[in-house]
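Basically the numbering used here = 1-based index in the sequence shown + 1.
We put the CB at the ideal spot given by N, CA and C, even for glycine.
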Amino acid sequence: MDMLASEWKSQFPESNLDAFFLDQYFEQQYTSNKHFARIMGLFSAIALLIALLGLAALANFSAQKKLRDIAIRKIYGAERRHIIYLFAKEFLRTASIASAIAIPIAAIAMQQWLNGFAFRTSIGIWIYLLAIGCLVGISLATIILQSWKVIVQNPIENLKNP
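In structure tokens:
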């Protein structure tokens, strides 16, 4: 660098050498994107935690509200999978409506964000299907866990308590 600066000074004595490394230039360009990714990752994790807690609370509330209904169904011989299906269909309907609203909005927002880069790329449909699959899987796991707590209880005790 010193040799380059001295040669520059000998050729152009009235101007200073303004040299930089290209990798540092590119790093500087994408630093804001790295910070944005970290912040979005943190807020996404917090939002996911809050959503899971809300889903668990809602499933628990729904199960507690239907204690007598479940007890009567168990006494009449309903299978556990039918009782779980009773809970799951309500939540899966809500999740499918939420997905139908969120996926187009997310696709448009991501496409707008990706248009700001020099090299264009697109997001495949499999990313959105993976997100829906994760949503359904996490929802089902939470619902099954909450409904299982109610299913294994003694139905006679649930009918006795008001």
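| Asked | Found |
| --- | --- |
| Just to confirm my understanding: we take arginine 81, look at its own chain, exclude 5 residues before and 5 after, and list those with CB closer than 6 Å. What are they? | Ile152 |
| Where does glutamate 80 sit, in a helix, a strand or coil, going by DSSP? | coil |
| Does the distance from the C-beta atom of alanine 20 to that of leucine 5 stay below 9 Å? | yes |
| Report the residue from Leu54, Ile157, Ile145 and Ile109 whose alpha carbon sits nearest the alpha carbon of lysine 90. | Ile145 |
| Would you identify the three-state DSSP class for threonine 122, choosing helix, strand or coil? | coil |
| What's the C-alpha gap between lysine 67 and isoleucine 40? | 40 Å |
| Measure from the alpha carbon of leucine 160 to the alpha carbon of each residue in Asn61, Leu93, Lys75 and Gln112, then state which is nearest. | Lys75 |
| Confirm, please, whether the CB-CB distance from isoleucine 104 to isoleucine 133 is below 9 Å. | yes |
| How would you write the range of the alpha helix (DSSP H) that serine 7 sits in, first residue to last? | 3 to 12 |
| What number of angstroms, rounded off, separates the C-alpha of alanine 101 from the C-alpha of glutamine 147? | 25 Å |
| Beta carbon of threonine 143, beta carbon of alanine 60: below 9 Å? | yes |
| Applying the criterion that 16 or more other CB atoms from any shown protein chain within 10 Å of the CB defines a buried residue, is alanine 119 buried or exposed? | exposed |
| Can you name, in chain order, every residue of its own chain whose Cβ lies under 7 Å from the Cβ of arginine 69, other than the five neighbours on each side? | Asn159 and Leu160 |
| Pull up the distance between the alpha-carbon of glutamine 29 and that of lysine 150, whole angstroms please. | 53 Å |
| Run through DSSP, which three-state label would glutamine 30 get? | helix |
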